[in-house]
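Chains X and G, in that order, are what the protein sequence lines are.
Residue numbers for the first sequence follow this note's numbering, so the first one is -8 and each next one is one higher.
Residue numbers for the second sequence follow this note's numbering, so the first one is -14 and each next one is one higher.
Have a look at the structure below, then the notes.
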Amino acid sequence: MLSVQLAEIVDQPLPGVGEALDLVTGFDEALTNGFARLGEDRASALTALAGAVAATPLGDRVGEAAAKVAAGSVSEENVTALAGGRTALLGAVHDALLGRLDAALGRERDSWAEPSVAGTTDNLLSGCRSWLNELAITGWRGVDHDLVSAVGQTMEALLAEPRLRRLAVLIDGLAGELRASCPVATMEVVPARRWADLWARALMLTQALMLTQAGGLPAGAGEPVSGRLLVLGVDVHEHATAVQAQVHAILEPADGGRCRLVRTSVAATKVDTIVGSAVWRLLTGVPVLLNALAEHRSLDIKDMPLLSGGDLIWHDDRATAGEPADPFTTARVQLGSALAPAAPPLERHPVRLAEPVLVEGYSVPKGDEMVFDLGGKTITVDTGRLPSCGPLTPAIVRGSESCIGLLRWDAGRWLLQPLAVQGMVKKLPVTAHNGDWAQGPTDPKIAKAEARNGDAVAVLRERAGRLLRK
Amino acid sequence: MTADRTAWEQRSVARVVSPVSPRKLAKVPFVEMADGRLQGVVSSGSDISRVYVSSITAGTHTYNCSTNNNRPCGGLYGDMCKHLRSLVDEAVLQYGQDRVAGYLRVEVAEGERLSYHLNGGVERTQGAEVFSRFLSHLAYLELPMTTEPIAELHWFPSSGAVG
Chain X
-8 MLSVQLAEIV
2 DQPLPGVGEA
12 LDLVTGFDEA
22 LTNGFARLGE
32 DRASALTALA
42 GAVAATPLGD
52 RVGEAAAKVA
62 AGSVSEENVT
72 ALAGGRTALL
82 GAVHDALLGR
92 LDAALGRERD
102 SWAEPSVAGT
112 TDNLLSGCRS
122 WLNELAITGW
132 RGVDHDLVSA
142 VGQTMEALLA
152 EPRLRRLAVL
162 IDGLAGELRA
172 SCPVATMEVV
182 PARRWADLWA
192 RALMLTQALM
202 LTQAGGLPAG
212 AGEPVSGRLL
222 VLGVDVHEHA
232 TAVQAQVHAI
242 LEPADGGRCR
252 LVRTSVAATK
262 VDTIVGSAVW
272 RLLTGVPVLL
282 NALAEHRSLD
292 IKDMPLLSGG
302 DLIWHDDRAT
312 AGEPADPFTT
322 ARVQLGSALA
332 PAAPPLERHP
342 VRLAEPVLVE
352 GYSVPKGDEM
362 VFDLGGKTIT
372 VDTGRLPSCG
382 PLTPAIVRGS
392 ESCIGLLRWD
402 AGRWLLQPLA
412 VQGMVKKLPV
422 TAHNGDWAQG
432 PTDPKIAKAE
442 ARNGDAVAVL
452 RERAGRLLRK
Chain G
-14 MTADRTAWEQ
-4 RSVARVVSPV
6 SPRKLAKVPF
16 VEMADGRLQG
26 VVSSGSDISR
36 VYVSSITAGT
46 HTYNCSTNNN
56 RPCGGLYGDM
66 CKHLRSLVDE
76 AVLQYGQDRV
86 AGYLRVEVAE
96 GERLSYHLNG
106 GVERTQGAEV
116 FSRFLSHLAY
126 LELPMTTEPI
136 AELHWFPSSG
146 AVG
């Protein structure tokens, strides 16, 4: 990414984005206080949101729902329609941001191809929906232990259903935060945007028609692809009971077609006491992939399904380790011309923006907030996104000269999340990638600390083996 | 301050729960602050298939300890048993002394051992529910991993690197 490209991304405000976000903020305030006690101001916030989507196919439905909820009819159907309106607005914000980014980077993006799917429905989903509806009626401010615990049984059943893992992981993440914040009425500030985001997405995922593209992949999903996969970096996601490693890579198709930017993900459920580099031990079911991350190797893949949204569905038995491949070389040579994937319609939200870029030749001025200065243009480094399961630390990033990162956006500003850096620390050259510890920490200090605490995964599995099946 | 507050309210990726610190799990595999109690499971030192369920109530500081079959702990007379002390010590390692003391509503000076300040006496409570929560906790590790992308986890970045 060049200075002029960064300037194009950060300098010009995007028309309409601020206004759209103000409407979302109004909705979020209404949700914080509960749809059962709207009052005039908050009711008009819902009407305003409905007005913004009036010209879309959702228009009538959302308009009607806003009127009914304001009149006191807080039904599941109306609440879901409003959540849909909010989702559509943030989808439009996402599109505007991604469009700006693509134009600045000269990144070409594929168009979305809708997979053919059939909807299904499920009792579990209606259990989730009614809990989410209760939250909307009560509002975050009214959430207490009883309301959070009410989802417990549904949660256990959800987790047991692999088809609904995505929804389960989301609801468990939200419920965990609510539980830790109970009673919410005593919280000084409520994370209104965040919780409304999670809540609205969960409601969307419970919609029967969304199910097949959003919860559980149908057999034969995606287009089988073969070729060479060159890793750029790995983005790690984690909450108390889940961890996901999402690898960003370039796919060189075997048939000589155009190189594509893809993501491939592996995820496991966990418990809060499994932290740091121990999380990799939950992902040992994909040894070929972990080995490629730890040893910086390319991968040869055969007939792996690639979804229209750029997600490669990893099958470890269809991959073999290839030659050593330096992610920085991959980024320098191939990132600029690779074809980027479309975002799946339901996933269009600013939080999903995670565009790989290579940044070089920057300086890191002193200051509380770390920024990269690229020829006079600065971008904030998201140091809150450096995972404890890898070697990147704020100090290493501060001393870096080259960085492979993800461009992200939150609360009105662009951020850079480092995935890998090269540079000098204490006058010694250092290279660090997020996936370096995928087969165990390579830093002796970290390895020693880990050995002192013992293998958390093994300890808990032993306890599970002895106590669970009695 | 107001600007910071507004910014936090409007962030999609705001940190709400701090990640816990790593600790040895062999002795106390499970500890949580829930239902108004600090509660958890302590492995028996002598019998590999026995565990104790220990809990301390916030505010009153009454406590209880029993086996997973609901037999009272033999070490529980006059004072806390070693299981309860381990539970408190490990909770402090996991969550930090401030958070645990705050939850239990107890004043402790820095450097003092928290468990010495909890003298509410024994109050029999049902351990079965805590044990069943522990089993649900362990069940997370029994689920198969998935390679289906979970887009929603973009709201939950892994963090915590220091240095």
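C-beta: ideal position from N, C-alpha, C; glycine also.
Helix, strand or coil at residue i [DSSP, three-state]
i       : result
A104/X  : coil
D93/X   : helix
Q204/X  : Legend: pLDDT at Q204/X = 47, less than 50; position of this residue unreliable, no value from coordinates given.
I387/X  : helix
G7/X    : coil
R98/X   : coil
E95/G   : coil
T131/G  : strand
G304/X  : The sequence given here places Ile at residue 304/X; Gly does not occur at that position. Reduced to three states, the DSSP call for I304/X is coil.
A178/X  : Reading the sequence as shown, one finds Met at residue 178/X and not Ala. The answer is coil: DSSP assigns M178/X none of H, G, I, E or B.
H46/G   : coil
I241/X  : strand
Q(-5)/G : coil
D22/G   : For clarity, residue 22/G is Arg in the given sequence; the question names Asp instead. Here R22/G sits in strand by DSSP.
L298/X  : coil
W405/X  : strand
H228/X  : strand
K439/X  : helix
A259/X  : strand
P142/G  : strand
S393/X  : strand
R12/G   : Reading off the sequence, residue 12/G comes out as Lys, not Arg. Three-state result, K12/G: coil.
H287/X  : coil
K417/X  : coil
S29/G   : coil
N444/X  : helix
Partner residues on chain X for residue i, Cβ-Cβ distance less than 9 Å
i        : result
E95/G    : None at all; the shortest Cβ gap to chain X is about 24 Å.
D230/G   : Because residue 230/G is not part of the residues shown, which for chain G are -14 to 148, the question remains open.
V5/G     : A231, D263, T264 and V266
V(-12)/G : The sequence given here has Ala at residue -12/G, not Val. Within 9 Å Cβ-Cβ: nothing; A(-12)/G doesn't reach chain X, min ~11 Å.
Whole-number beta carbon distance between residue j and residue i, since they are thought to touch under 8 Å
i      : j      : result
W131/X : V70/X  : With 8 Å as the limit, W131/X and V70/X do not qualify as a contact, their Cβ atoms being about 14 Å apart.
H228/X : S143/G : 6 Å
T47/X  : A79/X  : 6 Å
G60/G  : K67/G  : 6 Å
L158/X : C119/X : 7 Å
L169/X : V160/X : No, L169/X and V160/X are not in contact; Cβ-Cβ is about 15 Å, not under 8 Å.
Under 7 Å by beta carbon: chain G residues contacting residue i
i      : result
D137/X : Residues of chain G passing the Cβ test: none, with the nearest at roughly 11 Å.
C380/X : S143
N444/X : P7, R8 and K9
Beta-carbon neighbours of residue i, restricted to chain X and to distances below 8 Å
i       : result
G25/G   : Within 8 Å Cβ-Cβ: nothing; G25/G doesn't reach chain X, min ~11 Å.
Q149/G  : Absent from the structure is residue 149/G, since the part of chain G shown begins at -14 and ends at 148.
A(-8)/G : A402
V38/G   : Simply none; closest approach about 12 Å.
V73/G   : Near V73/G there are no residues of chain X at all, since even the closest Cβ is about 16 Å away, more than 8 Å.
Neighbouring residues, chain G, relative to residue i (Cβ below 8 Å)
i      : result
K261/X : Y125 and L126
V227/X : P142 and S143
G25/X  : Neighbours of G25/X on chain G: none; closest Cβ ~17 Å, over 8 Å.
Chain G contact residues for residue i, given Cβ-Cβ distances below 9 Å
i      : result
S172/X : V1 and V2
L149/X : Residues of chain G passing the Cβ test: none, with the nearest at roughly 11 Å.
I304/X : T132, E133 and P134
Chain X residues whose Cβ lies nearer than 7 Å to that of residue i
i       : result
Q(-5)/G : T16, R184 and A402
S34/G   : R457
A86/G   : Those do not exist, as A86/G stays about 16 Å from chain X at its closest Cβ, beyond 7 Å.
Contact test: residue i Cβ vs the ligand PLP heavy atom, cutoff 7 Å
i      : result
R339/X : As for the ligand PLP, it is missing from this structure, which has no ligand bound.
Three CB pairs or more closer than 8 Å across the stretch 268 to 282 of chain X and the stretch 320 to 333 of chain X: no
Short-range partners of chain X found in the stretch 40 to 58 of chain G, where Cβ spacing is below 9 Å: N53
Validate contact between the stretch 290 to 300 of chain X and the stretch 214 to 227 of chain X using beta carbons, cut 8 Å, 3 pairs: yes
Contact set between the stretch 106 to 140 of chain G and chain X, restricted to residues whose Cβ is under 9 Å from the partner: For the stretch 106 to 140 of chain G, the residues whose beta carbon sits under 9 Å from a beta carbon of chain X are, in order, F116, F119, L120, S121, H122, L123, A124, Y125, L126, E127, L128, P129, M130, T131, T132, E133, P134, I135, A136, E137, L138, H139 and W140.
Proximal residues, the stretch 71 to 90 of chain X versus chain G, C-beta separation under 7 Å: none
Three or more C-beta pairs below 8 Å linking the stretch 2 to 18 of chain G and the stretch 76 to 92 of chain G: yes
Meets three-Cβ-pair contact criterion under 8 Å: the stretch 230 to 240 of chain X and the stretch 191 to 200 of chain X: no
The stretch 229 to 253 of chain X: positions lying closer than 8 Å to chain G by Cβ: E229, H230, A231, T232, A233, V234, Q235 and Q237
The stretch 256 to 275 of chain X touching the stretch 444 to 453 of chain X, judged by at least three CB pairs closer than 8 Å: yes
Three or more C-beta pairs below 8 Å linking the stretch 116 to 135 of chain X and the stretch 371 to 391 of chain X: no
The stretch 30 to 41 of chain X touching the stretch 50 to 63 of chain X, judged by at least three CB pairs closer than 8 Å: Enough Cβ pairs lie closer than 8 Å, so yes.
Cβ contact check for the stretch 128 to 143 of chain G and the stretch 247 to 256 of chain X: 3 or more pairs under 8 Å: yes
Three or more C-beta pairs below 8 Å linking the stretch 367 to 383 of chain X and the stretch 6 to 25 of chain X: no
The stretch 434 to 442 of chain X in contact with the stretch 401 to 417 of chain X per 3-pair CB rule at 8 Å: Taking one beta carbon from each stretch, the stretch 434 to 442 of chain X and the stretch 401 to 417 of chain X have fewer than 3 pairs nearer than 8 Å; the two do not touch.
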